[in-house]
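**Student:**
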Amino acid sequence: MVEPSESTVEGSQQLTPELAIANLQSSDLSLRYYAAWWLGKFRVNRPEAVKLLLAALEDEDDKTELGGYPLRRNAARALGKLGDLQAVPGLIKCLECSDFYVREAAAQSLEMLGDTTAIPALVKLLDGGVSQAVQVQNRPHLSQPYEAVLEALGTMGATGFISLIQPFLEHPVPRLQCAAARAMYQLTQDTVYGERLVKMLPNVDLKMRRVILGDLGAIGYLAASDAIAQAEVETSFKLMALKGILEHQLILVGETLELSPGAIRVINLMDSLL
Amino acid sequence: MSEELIRAVLLAQTPEQMVLAVKALAAAKDLQAIPTLIAVFGYNNPAAAVIAVNALVEFGETAVPDLLSGIDDYNYGARAYSIRTLAAIADPRALDILISSAIADFAPSVRCAAAKGLGKLDWTKLSSAARSMAINRSLEALLLISQDPEWLIRYAAIVGLQGLAKVADVQQPIRARLSQILENDTDIAIRARVQFASS
Chain Y
134 MVEPSESTVE GSQQLTPELA IANLQSSDLS LRYYAAWWLG KFRVNRPEAV KLLLAALEDE
194 DDKTELGGYP LRRNAARALG KLGDLQAVPG LIKCLECSDF YVREAAAQSL EMLGDTTAIP
254 ALVKLLDGGV SQAVQVQNRP HLSQPYEAVL EALGTMGATG FISLIQPFLE HPVPRLQCAA
314 ARAMYQLTQD TVYGERLVKM LPNVDLKMRR VILGDLGAIG YLAASDAIAQ AEVETSFKLM
374 ALKGILEHQL ILVGETLELS PGAIRVINLM DSLL
Chain R
222 MSEELIRAVL LAQTPEQMVL AVKALAAAKD LQAIPTLIAV FGYNNPAAAV IAVNALVEFG
282 ETAVPDLLSG IDDYNYGARA YSIRTLAAIA DPRALDILIS SAIADFAPSV RCAAAKGLGK
342 LDWTKLSSAA RSMAINRSLE ALLLISQDPE WLIRYAAIVG LQGLAKVADV QQPIRARLSQ
402 ILENDTDIAI RARVQFASS
C-alpha cells in the first residue's frame, strides 16, 4: 500500500500564509521554491499570493543547469489549486516555456481551472500529431506534455478537437493511450473508450494499473466498478477511484442528494474494501 | 498432517506456490495452523493473505488470542489484515486494539478496517455492565475520527457509526452526529455515505 497519503514535509508546520507570502519574495531561492509549493498545498487563495505566484511564472533567478525553472514549475502548480481565473493568461503563456515541466504543470493547472479559453493554446501543443510525440533525447519525457494536454482537453469538453485527440489512442506509450481514451470518453460518453481502459488493466504493470484506476475514477465510468474493486492494486487506489465514480453518480435534487442504484452499488463496494 | 502443510507454507518459493500451500493449510481446518495463517499476513502476498483471513474468520473466537498477540507493529500491510480479521470475527476482546488502531495507527487502511470493526462487535458476549462501557468507548472513538481531515477516515467512521446505531442506547447521539456531517461536510461522497446510512 502506498500510505500514509500525506507525507509530512519538514518545516510545513512553521509556515503561515503571511510568512509564505513573504518568503516568496525572499532572496533565498529555496525559501521561494518551498513557499510557492506551500501556498498551493494549503490553497492560500489570497490576492497577494496569486499576484506573486503569477510574477514567479516569469522568474529568471531559479534556473537549473539543464535550463529548468523550478520556481516557475511550483508556481504554475500552485496557481491551479488556488482557483483564481486571473492566473489563466499567465499559465497559457507558460505553455510556450522552454522547460517541459513548466508546460506540463501549466496544462494540469489549466485543466483544474477549467477555463475553456485555454483550449486553443493547449491544442497547439498537439501540433504534428502522434508522429511528433517522441522521446526527447537524453530526457525522460516526450517533446510535449501530451498526457496533461489530452486530459485537460477531455475535462474541458473540447469536442471540436476530437479528430486531433483520437489518433493518440494508438500511440506506443500506454500512458498516452490511457489519456486519449479518458479524454475520448469524456468528449463522447462512448463506452468503447471506458472499456478500452478496463481491458488494459490486466496487461500492464502496477504503476499503470494505478494510473488507469485514476482515469476510471476521473471519468466516472460506472461499468468499471467491479473491475476496480478486483484489480491488483492497493486498496487506497481502489477507494479513490470508486469515490470518483460515486461522485459522478450523485444528483443534487434541491438540497438532498439522490442516490441512484449505481451510487448504492459503488457504496457497497467501497464498504466491502475497508 | 498439519505439520507438513505448515512446512509447505514456510518453504514456498514462488507467490503461486505460497497461494497453493496456504489454500491446502486452510482446508485442513486444524487449530495448529492458526499461527502460520497469521504469519502469512506478513508475506506480502495479497492472494494468500485473503485465503488466510477467510480461514481465520472461520475459526472465529478461537483465533482471537493469537490474532491479538500476533499484531505486527512494523508491517502495516500485515496489521491491516489482522485488524480486518478481528473486525470480521467481531469478538469484543478486540475492542482495545480496534480503538487504538482507529484513532492512532499511521496507516489509513488499518484505521479504516478498525473503524468498520468498531461498529459491529458482538456486544452480547459481554456482561451488561461491561457492555454499555464498551459500546460507549466505541462510540467515542468513532465520533472522534468522524472529524478526521482525511475523507477516507471519515467515510470509515460513518460506516462504523451506521453499524453501531443498531444499539438502541446510542442511536440518538449517532443520528445527531450524522445529520451534522450531512450538513457540514464539504465532500459530496461523504454526504452521500451519510445519506445512505440514514436511508
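Here the protein sequences come in this chain order: Y and R. Just so you know, the first sequence maps onto residues 134 to 407 in this note's numbering. Just so you know, the second sequence maps onto residues 222 to 420 in this note's numbering. Just so it is clear, CB atoms sit at the ideal spot from N, CA and C, and this is done for glycine as well. Because the structure is a prediction, the values reported are computed rather than measured.
Determine whether the Cβ of LYS337 of chain R lies closer than 7 Å to any Cβ atom of chain Y.
**Tutor:** For this step, residue 337 of chain R is matched to residue 116 along the second sequence. It does; some Cβ of chain Y falls within 7 Å.
**Student:** Under 7 Å, do LEU226 of chain R and ALA260 of chain R count as touching if we go by C-beta distance?
**Tutor:** Counted from its first residue, the second sequence places residue 226 of chain R at position 5. Counted from its first residue, the second sequence places residue 260 of chain R at position 39. It is not a contact, given that the beta carbons lie outside the stated cut-off.
**Student:** Name, please, each residue of chain Y whose Cβ falls closer than 8 Å to the Cβ of ARG412 of chain R.
**Tutor:** Working through the second sequence from its first residue, we reach residue 412 of chain R at position 191. By Cβ distance, chain Y contributes LEU390.
**Student:** From ALA220 of chain Y to MET403 of chain Y, what distance separates their C-alpha atoms?
**Tutor:** By 1-based counting over the first sequence, the position of residue 220 of chain Y is 87. By 1-based counting over the first sequence, the position of residue 403 of chain Y is 270. Those two C-alpha atoms are separated by around 37 Å.
**Student:** Have a look at ASN349 of chain R and ALA335 of chain R and give me their C-alpha separation to the nearest angstrom.
**Tutor:** If you number the second sequence from 1, residue 349 of chain R lands on position 128. If you number the second sequence from 1, residue 335 of chain R lands on position 114. According to the sequence displayed, residue 349 of chain R carries Ser and not Asn. Rounded to the nearest angstrom, the two C-alpha atoms are 23 Å apart.
**Student:** As a quick exercise: from Y:ALA374, Y:GLU367 and Y:SER231, pick the residue whose alpha carbon is nearest that of LEU355 of chain Y.
**Tutor:** Residue 355 of chain Y sits at position 222 when you count from the first residue of the first sequence. Closest option to LEU355 of chain Y, Cα to Cα, is Y:ALA374.
**Student:** When the Cα atoms are used, what is the spatial distance from GLU282 of chain R to LYS346 of chain R?
**Tutor:** Translated into the one-based positions of the second sequence, residue 282 of chain R becomes position 61. Translated into the one-based positions of the second sequence, residue 346 of chain R becomes position 125. If you take the alpha carbons of GLU282 of chain R and LYS346 of chain R, they lie about 11 Å apart.
**Student:** ILE255 of chain R to SER322 of chain R, Cα distance in whole Å?
**Tutor:** Position 34 of the second sequence, counting from 1, holds the residue named residue 255 of chain R. Position 101 of the second sequence, counting from 1, holds the residue named residue 322 of chain R. Taking the straight line joining both Cα atoms gives about 22 Å.
**Student:** At the 7 Å Cβ level, is THR321 of chain Y part of the contact set with chain R, yes or no?
**Tutor:** For this step, residue 321 of chain Y is matched to residue 188 along the first sequence. Not an interface residue.
**Student:** From this set, Y:LEU187, Y:MET245, Y:ALA211 and Y:GLY262, which residue's C-alpha is nearest LYS226 of chain Y's C-alpha?
**Tutor:** Sequence index remark: in the first sequence, residue 226 of chain Y carries index 93 (1-based). That would be Y:LEU187, whose Cα lies nearest to the Cα of LYS226 of chain Y.
**Student:** By the DSSP assignment, the beta strand (DSSP E) with ILE292 of chain R in it spans what residues?
**Tutor:** On the second sequence, residue 292 of chain R is found 71 positions in, with the first residue counted as 1. Note, ILE292 of chain R: premise wrong, no beta strand (DSSP E); not H, not E.
**Student:** Using a Cβ-Cβ cutoff of 7 Å, what residues of the region 300 to 331 of chain R are near chain Y? List them in chain order.
**Tutor:** Under the 7 Å Cβ criterion, the region 300 to 331 of chain R contributes PHE327, ALA328, PRO329 and SER330.
**Student:** With distances taken between CB atoms, is the gap from LEU320 of chain Y to ILE295 of chain Y smaller than 7 Å?
**Tutor:** On the first sequence, position 187 is the one that residue 320 of chain Y refers to. On the first sequence, position 162 is the one that residue 295 of chain Y refers to. Yes, the Cβ-Cβ distance between LEU320 of chain Y and ILE295 of chain Y is below 7 Å.
**Student:** Determine, using beta carbons only, whether SER145 of chain Y comes closer than 7 Å to chain R.
**Tutor:** Counting from one through the first sequence, the residue named residue 145 of chain Y turns up at place 12. Model confidence at SER145 of chain Y stands at a pLDDT of 49, short of 50, so the residue's coordinates are unreliable and nothing is read from them.
**Student:** Can you name the residues that DSSP bridges to GLU391 of chain Y?
**Tutor:** Locating residue 391 of chain Y in the first sequence gives position 258, where the first residue counts as 1. GLU391 of chain Y pairs with Y:ILE384.
**Student:** For the pair the region 228 to 239 of chain Y and the region 198 to 205 of chain Y, tell me if three or more CB-CB distances fall below 8 Å.
**Tutor:** Cβ pair count under 8 Å is three or more, so yes.
**Student:** Give a yes or no on whether 7 Å exceeds the smallest Cβ distance from ASP369 of chain R to chain Y.
**Tutor:** Counting from one through the second sequence, the residue named residue 369 of chain R turns up at place 148. With 7 Å as the cut-off, ASP369 of chain R does not count as an interface residue toward chain Y.
**Student:** For ILE304 of chain R versus VAL331 of chain R, is the C-beta distance shorter than 7 Å?
**Tutor:** Translated into the one-based positions of the second sequence, residue 304 of chain R becomes position 83. Translated into the one-based positions of the second sequence, residue 331 of chain R becomes position 110. Yes, the Cβ-Cβ distance between ILE304 of chain R and VAL331 of chain R is below 7 Å.
**Student:** Can you give me the start and stop residues for the alpha helix (DSSP H) that VAL278 of chain R sits inside?
**Tutor:** Here residue 278 of chain R refers to the residue found at position 57 of the second sequence. Residues 267 to 280.
**Student:** Which whole-angstrom value describes the C-beta separation of VAL312 of chain Y and LEU283 of chain Y, a residue pair presumed to lie in contact below a C-beta threshold of 8 Å?
**Tutor:** Here the question's residue 312 of chain Y lines up with position 179 in the first sequence. Here the question's residue 283 of chain Y lines up with position 150 in the first sequence. Reading off the sequence, residue 312 of chain Y comes out as Ala, not Val. Contact holds; Cβ gap of about 4 Å.
**Student:** CA-CA distance, ALA189 of chain Y and SER160 of chain Y?
**Tutor:** Here residue 189 of chain Y refers to the residue found at position 56 of the first sequence. Here residue 160 of chain Y refers to the residue found at position 27 of the first sequence. Cα to Cα, the separation comes out at about 13 Å.
**Student:** With a Cβ-Cβ cutoff of 7 Å, do MET289 of chain Y and THR324 of chain Y count as a contact?
**Tutor:** Within the first sequence, the letter at position 156 stands for residue 289 of chain Y. Within the first sequence, the letter at position 191 stands for residue 324 of chain Y. The answer is no: Cβ separation not under 7 Å.
**Student:** Is there a Cβ from chain Y that is less than 7 Å from the Cβ of VAL415 of chain R?
**Tutor:** Mapped onto the second sequence, residue 415 of chain R falls at position 194. Not closer than 7 Å to any Cβ of chain Y, the Cβ of VAL415 of chain R fails to qualify, so no.
**Student:** From GLN322 of chain Y to ALA291 of chain Y, what distance separates their C-alpha atoms?
**Tutor:** Residue numbering aside, residue 322 of chain Y sits at position 189 when the first sequence is read from its first letter. Residue numbering aside, residue 291 of chain Y sits at position 158 when the first sequence is read from its first letter. If you take the alpha carbons of GLN322 of chain Y and ALA291 of chain Y, they lie about 13 Å apart.
**Student:** Express the C-alpha separation of ARG205 of chain Y and LYS196 of chain Y in angstroms, rounding to a whole number.
**Tutor:** Your numbering for residue 196 of chain Y matches position 63 in the first sequence. Your numbering for residue 205 of chain Y matches position 72 in the first sequence. If you take the alpha carbons of LYS196 of chain Y and ARG205 of chain Y, they lie about 9 Å apart.
**Student:** Taking 7 Å as the CB-CB limit, is VAL230 of chain R close to chain Y?
**Tutor:** Along the second sequence, read from residue 1 onward, the residue named residue 230 of chain R stands at position 9. So, not an interface residue.
**Student:** Do SER242 of chain Y and ALA209 of chain Y have their C-beta atoms within less than 7 Å of each other?
**Tutor:** Taking the first residue of the first sequence as 1, we reach residue 242 of chain Y at position 109. Taking the first residue of the first sequence as 1, we reach residue 209 of chain Y at position 76. A contact, by the Cβ cut-off of 7 Å.
**Student:** Of the residues Y:GLN268, Y:PHE301 and Y:LEU297, which one's Cα is nearest the Cα of PRO253 of chain Y?
**Tutor:** Your numbering for residue 253 of chain Y matches position 120 in the first sequence. When only C-alpha atoms are compared, the closest one is Y:LEU297.
**Student:** Go through its chain and collect everything with a Cβ distance to ALA182 of chain Y's Cβ below 6 Å, but skip five positions before and after it.
**Tutor:** Here residue 182 of chain Y refers to the residue found at position 49 when the first sequence is read from its first residue. Cβ within range, chain order: ILE154 and LEU172.
**Student:** With 7 Å as the threshold, decide whether the Cβ of THR288 of chain Y is near any Cβ in chain R.
**Tutor:** As a working note, residue 288 of chain Y is residue 155 in the first sequence. Not one chain R Cβ lies under 7 Å of THR288 of chain Y.
**Student:** Cβ atoms of VAL278 of chain R and ARG314 of chain R: under 7 Å apart, would you say?
**Tutor:** Here residue 314 of chain R is taken as the residue at index 93 of the second sequence, counted from 1. Here residue 278 of chain R is taken as the residue at index 57 of the second sequence, counted from 1. No; because the gap between Cβ atoms is not below 7 Å, this pair is not in contact.
**Student:** Please return the same chain residues whose Cβ sits closer than 6 Å to the Cβ of ALA242 of chain R, not counting the five positions on each side in sequence.
**Tutor:** In the second sequence, residue 242 of chain R corresponds to position 21, counting from 1. Correct list, in chain order: ALA229, VAL230 and ALA233.
**Student:** Going by Cα to Cα distance, which pick from R:ASP408, R:LEU382 and R:ALA418 is closest to HIS381 of chain Y?
**Tutor:** Taking the first residue of the first sequence as 1, we reach residue 381 of chain Y at position 248. Of R:ASP408, R:LEU382 and R:ALA418, the residue nearest in Cα terms is R:ASP408.
**Student:** What is the C-beta distance between SER367 of chain R and ILE318 of chain R, in whole angstroms, given that I count them as a contact (C-beta under 8 Å)?
**Tutor:** Here residue 367 of chain R corresponds to residue number 146 of the second sequence, with the count starting at 1. Here residue 318 of chain R corresponds to residue number 97 of the second sequence, with the count starting at 1. Rounded, the Cβ-Cβ distance is 20 Å, inconsistent with contact.
**Student:** Measuring alpha carbon to alpha carbon, tell me which of R:PHE327, R:ASP326, R:ALA309 and R:ALA328 ends up nearest LEU339 of chain R.
**Tutor:** As a position in the second sequence, residue 339 of chain R is number 118, starting the count at 1. Nearest of R:PHE327, R:ASP326, R:ALA309 and R:ALA328 to LEU339 of chain R, Cα basis: R:ALA309.
**Student:** Between the alpha carbons of LEU406 of chain Y and ALA362 of chain Y, how many angstroms are there, rounded?
**Tutor:** Sequence index remark: in the first sequence, residue 406 of chain Y carries index 273 (1-based). Sequence index remark: in the first sequence, residue 362 of chain Y carries index 229 (1-based). So the alpha carbons of these two residues sit roughly 8 Å apart.
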